[in-house]
Amino acid sequence: MRHIYRCPLRWSDMDAYGHVNNVVHLRYLEEARIDFMFRLAGEAVASSPDEPPPFKTGAVVARHEIDYVRPLFHRYEPVTVETWVTKMNAASTTIAYEIKDEGTVYVRAETVIVPYDLEKERPRRLTAGERAFLEDYFDDSAAAPSRIR
């Protein structure tokens, strides 16, 4: 299963060449990831009374990898950002993305996320609720930037 996020393009997203700036693609990925990990995870997983909602105590980005496949030009229709999980360790997870329209992929990317205890200011392990949520979106067979050239 993949999380689908419809991301609007803004006029200010364009660079001097008339296409969406490379840094803006990171913002699109961030918007989709926030919707996935905080809104959707919070709604989808009923945590136990002893466990906070998924990712509520924090998560940080450890790494991004992005392949820019085709230029994306400004238009009024939103772009689709598909998100899924390609790897889960005890204390990290890798999220893959495609920024696309039907039939056209603009960006393929991965982000390594580390669960983080904001109060203790240190990394932590994935909780049972976080792991359960992520497993529903797990697909390690899908193409990722490090495997596509």
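First residue of the sequence shown: 10, per the working numbering; consecutive thereafter.
The C-beta atom is built at its ideal place from N, Cα and C for all residues, glycine as well.
Min CB distance K96 to chain D below 8 Å: Absent from the structure is chain D; it holds one protein chain and no more.
Hey, is the segment 137-152 in contact with the segment 92-104, meaning 3+ C-beta pairs nearer than 8 Å? Enough Cβ pairs lie closer than 8 Å, so yes.
In three-state DSSP terms, what is D145? coil
I need the boundaries of the beta strand (DSSP E) containing H12, first residue and last residue. 12-16
Going by beta-carbon coordinates alone, are N31 and M23 separated by less than 8 Å? no
Have a look at V121 and V69 and give me their C-alpha separation to the nearest angstrom. When rounded, the separation of the alpha-carbon atoms in V121 and V69 is 9 Å.
Apply the 10 Å Cβ neighbour rule to R117 and answer buried if 16 or more other Cβ atoms are within range, or exposed otherwise. buried
Local conformation of F45 per DSSP, three classes: helix
Secondary structure at E91, three-state DSSP: helix, strand or coil? strand
Length-filtered (4 minimum) alpha helix (DSSP H) runs lying within the segment 97-144: 137-144
With DSSP run on the structure shown, which of helix, strand or coil describes D22? helix
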